[in-house]
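Engineer: Okay, here's the structure, questions in a sec.
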Amino acid sequence: MATTAQPPLPTQPGPAQPSSAPVGSGAQSDLAIGEMLVRMGVLAPPELHEAYARHRQEGRPLTEVLLAGGRITREHLKRAQAARMGIEVYNAADGVDAGSGRTIDSRSMRRYLAVPVRRDPNGALVVAMSDPGNVVAVDDLRMIAGSEIRPVLATDDEIRALLAQSARIDDVVSDLADASETEGRDEVDADISGGTDDTPTVRFVNEMIVRAVDERASDIHFEPQATELVVRFRVDGVLREIVRAPLRTTAGVVSRIKIMSDLDIAERRIPQDGRMGLNVGGRGLDLRVATLPTVHGEKVVVRVLDNANVVLRLEDLGFSKETLARYALCYRRPYGAVFVTGPTGSGKSTTLYGTLNQVNDSERNIITVEDPVEYRLAGINQVQVNNRAGLTFASGLRSILRCDPDVVMIGEVRDRETAQIAIESALTGHLVLATLHTNDSAGALTRLAEMGVEPFLSASAVTGILAQRLARKLCPHCREQIEVSHAVLRDIADTTLLPANLPDPAPVFQAVGCPRCSGAGYKGRLGVYEMLVMSDEVKRLCIEGASSDAILKVARAEGMRTLREDGLMKILQGLTSVEELARAVG
């Protein structure tokens, strides 16, 4: 049986190499892309021949024929174009590092249809371009940015969306600067208090809040410097600069935030605290606001509390099975005090919320006293501290104990009175969960003694102490394996214990950076824990007033894993890096 003759295809070079020809220009370029689609398995060779024949008959570009026939999608086409040129594909879901946008002016971005998106680990500026093969444009952008350029391929629609996003922020900042230049300082404040959502200041503040939510920021910092107002986001525990505005805009921005959080806009000499509730993209947010007078103006920090992001499963926080089992032994007891310790921002509140979720049921009366109440939990009675009205931790705790609680959670033990009531509550049949600011678990016993709690009371009431830190998780898409000797690992964790089957040198991972993690090499965070259980020997040392080092030594002998040792296990599991453990734990 005779086979149907297929139209001959022009001969193309072998493996794809980076090309200087504009993508999608000319029949030869389209044919090369078609053959790349065949190599990728998207098209079968007969399908390409059939499309090529229609291209010859109809005079339409080959790629248009393929798209019209439904054989490929634009995403397929983009990936084939990138593979032909030997470059990466821009993924819109990866977002844009705002700090890189100031390296190229908006006029040049529009001219070359190119938008900076981040910097790679080598310092090169990664630029999304619809025509990355335009070597003249790449050379011009290299001169404008003053650094090496690494183009990535983006579609025209993606470039337009990036340009619109960049233009929106530029316009908001420009309008804000123009408004503050034509109005006096007092006039700006007055306009804001009676302003509408169309004012430049309102749009600027709203834009920063929406962007912070999109980038998973936990805090927004509005910081007046010598000549500019700098806005920074804290993402995964690390601050990142977002935008700069003229210094004269500070008064208006600060006043707008004060009005939203019901603070006194006329008072600029003392710190103030407030809160506001907003709806962003259908998500209810609780924003905590703190102002601080500085030499250049008032600094404002807005903490973003998103109920959708609260983790209520302890298993999802990074606990090892052994540490979680030791912790569960303590909080599952019907009475006693369990302390969670660590510096500010170490995730103590999240751990306590997860613990409350574990013990929460209809048979228990659970009451908390917090400052502030960060997340609302169903079935739990949460009390907000109000120092102005006289509702302190101590007074609130005394009132709580008259309300027949089974479980009491104290947001922070700050003073002697609160510590005394917490310990006495644990001794009288209540389960008490509380946070304390100490560097490690054993140090919490010393801290309670310094607050005036008798050591024998602490030994009787406290059942366990959990110390913790938050470390950034390595991006699973770009982490790179390296080898580290056993001697270095022992020094990192200050231990002589390593897994028996661990090769020397041991394989671990380090951060690299890719589009999915915005070049940081990390995405998300996990906890590093140290769980001290109050054994008979630890209680004896506590009563004798032993040092925290002596208590720590006994606890380790009884099976406690220190913060560094727990971090080392997470390094060996490929979850975090040596450098990140050193940053988080010290």
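Counting along the sequence shown from 1, when you hit position 405 you're at 997 in this note's numbering, and nothing is skipped either side. Even glycine gets a Cβ: it sits at the ideal position worked out from N, Cα and C. Bear in mind the structure is a predicted one, so any value in this text is a computation, not a measurement.
Using the Cβ count rule (16 or more neighbours within 10 Å means buried), how would you classify Met-1152?
Structural biologist: Sequence index remark: in the sequence shown, residue 1152 carries index 560 (1-based). Met-1152 comes out buried.
Engineer: In the DSSP output, what is Pro-708 paired with across the bridge?
Structural biologist: The count along the sequence shown starts at 1 and reaches residue 708 at position 116. DSSP, once it has assigned bridges, lists Val-719 as partnering Pro-708.
Engineer: Just the C-alpha distance for Ala-882 and Gly-1113, rounded to the nearest angstrom, thanks.
Structural biologist: Taking the first residue of the sequence shown as 1, we reach residue 882 at position 290. Taking the first residue of the sequence shown as 1, we reach residue 1113 at position 521. Cα to Cα, the separation comes out at about 31 Å.
Engineer: Just to confirm before moving on: does the CB-CB distance between Val-831 and Arg-840 stay below 8 Å?
Structural biologist: The residue given as residue 831 occupies position 239 in the sequence shown. The residue given as residue 840 occupies position 248 in the sequence shown. In the sequence as presented, Val is not what sits at residue 831; that position holds Leu. Not a contact, by the Cβ cut-off of 8 Å.
Engineer: Quick one: using the 10 Å Cβ neighbour count with 16 as the cut-off for buried, is Gly-1056 buried or exposed?
Structural biologist: Here residue 1056 is taken as the residue at index 464 of the sequence shown, counted from 1. Buried.
Engineer: Counting C-beta neighbours from all protein chains within 10 Å, is the total for Ser-617 16 or more, i.e. buried, or is it exposed?
Structural biologist: What you label residue 617 is simply residue 25 of the sequence shown in a count that begins at 1. Here the model assigns Ser-617 a pLDDT of 43, short of 50, so the residue's position is not dependable, and the following value carries that caveat. So Ser-617 counts as exposed.
Engineer: Evaluate Gly-1003 with the Cβ neighbour count: other Cβ atoms within 10 Å of its Cβ, from every protein chain shown; 16 or more gives buried, anything less gives exposed.
Structural biologist: Counting from one through the sequence shown, the residue named residue 1003 turns up at place 411. Buried.
Engineer: Rounded to a whole number of angstroms, what is the C-alpha to C-alpha distance between Pro-935 and Leu-755?
Structural biologist: Taking the first residue of the sequence shown as 1, we reach residue 935 at position 343. Taking the first residue of the sequence shown as 1, we reach residue 755 at position 163. Going from the Cα of Pro-935 to the Cα of Leu-755 covers about 41 Å.
Engineer: Is the distance from the Cβ of Thr-947 to the Cβ of Ala-1036 below 8 Å?
Structural biologist: For the purposes of this step, residue 947 is taken as the residue at position 355 of the sequence shown. For the purposes of this step, residue 1036 is taken as the residue at position 444 of the sequence shown. No.
Engineer: Is Leu-629 helix, strand or coil by DSSP?
Structural biologist: Against the sequence shown, residue 629 aligns to sequence position 37. Three-state result, Leu-629: helix.
Engineer: What runs of the alpha helix (DSSP H), each 4 residues or longer, lie entirely inside the stretch 1032 to 1103?
Structural biologist: Those alpha helix (DSSP H) runs which fall completely within the stretch 1032 to 1103 and span 4+ residues are 1034 to 1042, 1047 to 1053 and 1078 to 1085.
Engineer: Quick one: measure Cβ to Cβ for Val-1076 and Val-1100, integer angstroms, because I've assumed they're closer than 8 Å.
Structural biologist: Your numbering for residue 1076 matches position 484 in the sequence shown. Your numbering for residue 1100 matches position 508 in the sequence shown. Confirmed, about 5 Å.
Engineer: Please work out which residues of its chain come closer than 6 Å, Cβ to Cβ, to Ser-938, disregarding the five sequence neighbours upstream and downstream, and give them in chain order.
Structural biologist: Looking up residue 938 in the sequence shown gives position 346. So the list reads Gln-1060, Arg-1061 and Leu-1062, once near-sequence residues are dropped.
Engineer: For Val-1125, count the other beta carbons within 10 Å of its own beta carbon; 16 or more makes it buried, fewer makes it exposed. Which is it?
Structural biologist: Walking along the sequence shown from the start, residue 1125 turns up at place 533. Val-1125 should be labelled buried.
Engineer: Do the CB positions of Cys-1067 and Arg-1108 come within less than 8 Å of each other?
Structural biologist: Against the sequence shown, residue 1067 aligns to sequence position 475. Against the sequence shown, residue 1108 aligns to sequence position 516. The answer is yes: Cβ separation under 8 Å.
Engineer: Could you tell me which residues DSSP puts in a beta bridge with Pro-885?
Structural biologist: Here the question's residue 885 lines up with position 293 in the sequence shown. Pro-885 is bridged to Glu-890.
Engineer: Report all residues from its chain with a CB closer than 8 Å to the CB of Leu-909; omit the five preceding and five following residues, and keep chain order.
Structural biologist: Against the sequence shown, residue 909 aligns to sequence position 317. Once the five neighbours on either side are set aside, the close Cβ partners of Leu-909 are Val-903, Gly-939, Thr-942, Thr-943, Gly-946, Leu-1118 and Gly-1119.
Engineer: With a cut-off of 8 Å on the beta carbons, I'd call Leu-745 and Gln-817 a contact; round off their distance for me.
Structural biologist: If you number the sequence shown from 1, residue 745 lands on position 153. If you number the sequence shown from 1, residue 817 lands on position 225. At roughly 37 Å, the Cβ-Cβ gap does not stay under 8 Å, so Leu-745 and Gln-817 are not in contact.
Engineer: By DSSP, does Thr-1168 sit in helix, in strand, or in coil?
Structural biologist: Stepping through the sequence shown from its first residue, residue 1168 is reached at position 576. Correct three-state label for Thr-1168: coil.
Engineer: Quick check on Arg-777: buried or exposed, where buried means 16 or more other Cβ atoms within 10 Å of its Cβ?
Structural biologist: As a position in the sequence shown, residue 777 is number 185, starting the count at 1. In this prediction, Arg-777 has a pLDDT of 41, which is less than 50 and means its spatial position is unreliable; what the coordinates show is noted afterwards. Label assigned to Arg-777: exposed.
Engineer: Does the distance from the CB of Leu-1160 to the CB of Ala-1085 come in under 8 Å?
Structural biologist: As a position in the sequence shown, residue 1160 is number 568, starting the count at 1. As a position in the sequence shown, residue 1085 is number 493, starting the count at 1. Cβ atoms of Leu-1160 and Ala-1085: closer than 8 Å.
Engineer: Touching or not, the stretch 982 to 1001 and the stretch 953 to 970, by the rule of three or more beta carbon pairs under 8 Å?
Structural biologist: With a cut-off of 8 Å, the stretch 953 to 970 and the stretch 982 to 1001 count as touching, because enough Cβ pairs lie within range.
Engineer: So which of Ala-1138, Leu-989, His-1029 and Leu-993 has the shortest CA-CA distance to Thr-1180?
Structural biologist: Outside the displayed range of the chain (593 to 1178) lies residue 1180, so it cannot be described from this structure.
Engineer: Can Val-845 and Val-894 be called in contact, C-beta distance under 8 Å?
Structural biologist: Mapped onto the sequence shown, residue 845 falls at position 253. Mapped onto the sequence shown, residue 894 falls at position 302. Result no, Cβ atoms of Val-845 and Val-894 do not sit closer than 8 Å.
Engineer: Mapping DSSP to helix, strand and coil, what is Thr-933?
Structural biologist: Residue 933 sits at position 341 when you count from the first residue of the sequence shown. Reduced to three states, the DSSP call for Thr-933 is strand.
Engineer: Determine the closest residue to Glu-1129 out of Asp-697, Ala-1138 and Gly-678, with distance taken between C-alpha atoms.
Structural biologist: As a first step, residue 1129 is located in the sequence shown; it is residue number 537 there, counting from the start. Of the candidates Asp-697, Ala-1138 and Gly-678, the one whose C-alpha sits nearest the C-alpha of Glu-1129 is Ala-1138.
Engineer: For Thr-842, which residues of its own chain have a beta-carbon under 6 Å away from its beta-carbon, when the five flanking residues on both sides are left out?
Structural biologist: Here residue 842 refers to the residue found at position 250 when the sequence shown is read from its first residue. These residues qualify, in order along the chain: Pro-816, Leu-821 and Gly-889.
Engineer: Could you please give me the residues that DSSP links to Ile-741 through a beta bridge?
Structural biologist: Residue mapping note: residue 741 aligns to position 149 of the sequence shown, counting from 1. DSSP output for Ile-741 lists Leu-717 as bridge partner(s).
Engineer: Are the CB atoms of Ile-679 and Leu-733 nearer to each other than 8 Å?
Structural biologist: Here the question's residue 679 lines up with position 87 in the sequence shown. Here the question's residue 733 lines up with position 141 in the sequence shown. No; because the gap between Cβ atoms is not below 8 Å, this pair is not in contact.
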